[in-house]
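Going by the working numbering, the letters in the sequence shown line up with residues 982 to 1319, in that order.
Data block below; observations after.
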Amino acid sequence: MSRRLCVIPGDGIGREVVPVAVEVLQRLLPDLQVEEAEAGWDCFQRHGTSVPDATYASLRACGAGLFGAVASPSHKVDGYRSAILSLRQTLALNLNLRPVCSRPVVSPRAGIDLLVLRENSEGLYSGREHWEAEGIAIAERVISRAACERLAAGAAELARLRHARRVTLVHKANVLPLTCGLFRDTCRDLLAEDGWSDVLDERLVDVAALQLVEHPEAFDLIVTTNLFGDILSDLASHWGGGLGLAPSLNLGTGIALAEPVHGSAPDIAGFGRANPLAAILSAGMLLRHYWQLPELADRIDGAVDAFLQEEGSVDFGNKTTRVIGRGVLERLSQTSSH
Ligand code: NAI
Ligand code: MG
C-alpha cells in the first residue's frame, strides 16, 4: 500500500521550507503520493476560511500531513481562527511532541535529549474568550479528565519508546488547584499504574522554566498542558540550535500532522534565508511516529547532524534554504546503501 502525504505550506516561510522537507521525504519514500492543500491567513483572505473543507478531507484521507506555518493577526478578526489551532482541534490531534536534542556546532551545550509532550486540544487554547464587561476580558482554561487520560497514555507510550529515565509533570497546581490539580492527579495516577512511579516527578511551571535554563540535561520526558508546553518548548528549543531547528508532531489516533515549531517569520520571508531543518526534522517525526519507520527517521537525523558538523557555522545568507536542503539530500544519498 502506498503512503500518502497532505502538504500544507501555509504562509510566509512555510512555503519556503516545506518543499525542501517534502523532497527529503520523497528521497526516502520514492512511492510517496503527495497532495497539496491550503490553509492560513492568505487562504482566509482569498476564501473567507483559514481551513477549507477540502483541506480537512485531504488530511483525513492521507492520514499524514506536513504543515509549514501560518500568520495570525494578534487582534481579533471576525470569522478568522488560527488554521493550526482549528486543524489540531477538529482532527483530534490531541498530543504535540516537541523534542529538543543537542546538535553538532549549533547547540550551545552537549548532552541534552528531552521531549516536551504538550496537551494539544484544550487548556487556554480552547478558544473560549469573551468580554465580561467593559474593560474585563475573560479566557477560560479548560482541563478535562478525558484529555489528561489521553495525554498520560501518550506519555506512557513515549516513555517506553525512549526508555525514559525521568518523567516530569509540569503544572501550577498551587495557584490553579482545580485545573492543574486534575491534570496532575490524572497523569500521576495513570503513569504510576503503568509502572513509571520510580522516575515520575513534578515541577511548578516557573521552576521548570528556570531549571530548563540551568540544567536542561537533567530533563527527559516533560508532560504538560497546552500553553505551558508552548512556552517551555520554545525556551528549550534554544538548546537544540533555536527555532530554525525545532521540530514537532501533532498526533491523534491514525492521523499525524508534522509541523516546525516556528511561525511564518515575516521578517525573513521571501529572502531564501529560512532554515529548513525544523521542517525536515518534523518530516522525520512522521517517519518515526506515524509510519513506524524509525530507521529512516534515524537517517534524517544522521544527515542533519553530518551537515551541521561540516557546515553548521557557515552563514549562507540568501541561499540558506537551498544550500541546507541540498546539503541534507547529499548526505542522505551517501548513507543510502546502509
Ligand atoms: P516566528 O517563529 O515566525 O519567528 C520568530 C523569529 O525566529 C523571527 O526572527 C524569525 O525570523 C526567526 N525564525 C523562525 N523560524 C526560522 C527559520 N526556519 N529560519 C530562520 N529563522 C527563523 O514567530 P513570530 O515572529 O512570533 O510570529 C510570526 C507569525 O507567525 C505570527 O503571525 C504568528 O501568529 C505566527 N505563528 C505561527 C505558528 C504556527 O503556524 N504554528 C507558530 C508561531 C507563530
Ligand atoms: Mg509556539
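We treat Cβ as the ideally placed atom computed from N, Cα and C, and that holds for glycine.
Problem - Three-state secondary structure (DSSP) of His1219 - result: The answer is helix: DSSP assigns His1219 an H, G or I state.
Exercise for the section: Step through the CB atoms of chain B and report whether any lies within less than 8 Å of the CB of Ser1102. Expected result: Although the question refers to chain B, the structure presented lacks it and comprises just one protein chain.
Practice task
Run the CB neighbour count on Asp1182, radius 10 Å, all protein chains shown included, and call it buried at 16 or more, exposed below.
Solution key: Exposed: under 16 other Cβ atoms inside 10 Å.
Practice task
Would you check whether the ligand NAI has a heavy atom nearer than 7 Å to the C-beta of Asn1207?
Solution key: With a cut-off of 7 Å, the C-beta of Asn1207 is classified as distant from the ligand NAI, since no heavy atom of the ligand falls inside that distance.
Handout entry: beta strand (DSSP E) segment containing Phe1048, residue limits
Key = It spans 1045 to 1050 - the beta strand (DSSP E) in which Phe1048 sits, taken as one unbroken run.
Problem - Nearest-angstrom Cα separation, counted from Leu1258 out to Glu997 - result: Whole-angstrom Cα-Cα distance: 12 Å.
Handout entry: Span of the beta strand (DSSP E), counted from its first residue to its last, around Pro1275
Key = It is not in any beta strand (DSSP E) - Pro1275 instead sits in the alpha helix (DSSP H) that spans 1275 to 1292.
Handout entry: Check: Ile1249 C-beta below 7 Å from any heavy atom of the ligand NAI
Key = Yes; taking the cut-off as 7 Å, the Cβ of Ile1249 has a heavy atom of the ligand NAI nearer than that.
Handout entry: Element boundaries [alpha helix (DSSP H), containing Asp1170]
Key = If you look at Asp1170, you'll find it in the alpha helix (DSSP H) that goes 1160 to 1174.
Practice task
State yes or no: is the C-beta of Val998 nearer than 7 Å to some heavy atom of the ligand NAI?
Solution key: Distances between the C-beta of Val998 and the heavy atoms of the ligand NAI include at least one below 7 Å.
Practice task
Please name the residue, chosen from Asp1094, Val1005, Ala1128, that lies closest to Arg1143 on a Cα-to-Cα basis.
Solution key: Considering only Asp1094, Val1005, Ala1128, the residue with the shortest C-alpha distance to Arg1143 is Asp1094.
Handout entry: Simplified DSSP assignment, three categories, for Asn1101
Key = Three-state DSSP puts Asn1101 in coil, outside helix and strand.
Exercise for the section: Classify Val1188 as buried or exposed, calling it buried when 16 or more other Cβ atoms lie within 10 Å of its own Cβ. Expected result: Answer is exposed; the Cβ neighbour count stays below 16.
Practice task
Check Thr1205 in the structure and name its three-state DSSP category.
Solution key: Thr1205: strand per DSSP, three-state reduction.
Practice task
Can you grab the Cα-Cα spacing for the pair Arg1184 / Glu1103, in whole Å?
Solution key: So the alpha carbons of these two residues sit roughly 21 Å apart.
Exercise for the section: Return the chain-ordered list of same chain residues with a C-beta closer than 8 Å to the C-beta of Cys1047, the five sequence neighbours on each side being excluded. Expected result: Sequence check: residue 1047 is Leu here, not Cys. Counting only Cβ-Cβ distances below 8 Å, and skipping sequence neighbours, we find Leu986, Cys987, Val988, Ile989, Val999, Ala1002, Val1003, Leu1006, Leu1238, Ala1239, Glu1240, Ala1260, Ser1263, Ala1264, Leu1267.
Practice task
Identify every residue that forms a DSSP beta bridge with Arg1079.
Solution key: For Arg1079, the beta-bridge partners assigned by DSSP are Val1097.
Handout entry: Span of the alpha helix (DSSP H), counted from its first residue to its last, around Gly1308
Key = Run containing Gly1308: 1301 to 1315, per the alpha helix (DSSP H) assignment.
Exercise for the section: For Ala1217, I'd like the list of residues in its chain whose CB is within less than 7 Å of its CB, leaving aside the five on either flank, ordered along the chain. Expected result: Within the same chain, Cβ atoms closer than 7 Å to the Cβ of Ala1217 are found at Val1081, Leu1095, Val1097, Leu1193, Pro1197, the five residues on either side in sequence being excluded.
Practice task
Leaving out five residues on either side along the sequence, give the residues of the same chain with a beta carbon under 6 Å from the beta carbon of Ser1314.
Solution key: Cβ contact annotation for Ser1314 (same chain, cutoff 6 Å, sequence separation greater than five): none.
Exercise for the section: Pair every Cβ in the region 1048 to 1063 with every Cβ in the region 1084 to 1091, then say whether three or more of these pairs are closer than 8 Å. Expected result: Remark: fewer than three beta-carbon pairs, one from each stretch, lie closer than 8 Å, so the region 1048 to 1063 and the region 1084 to 1091 are not flagged as touching.
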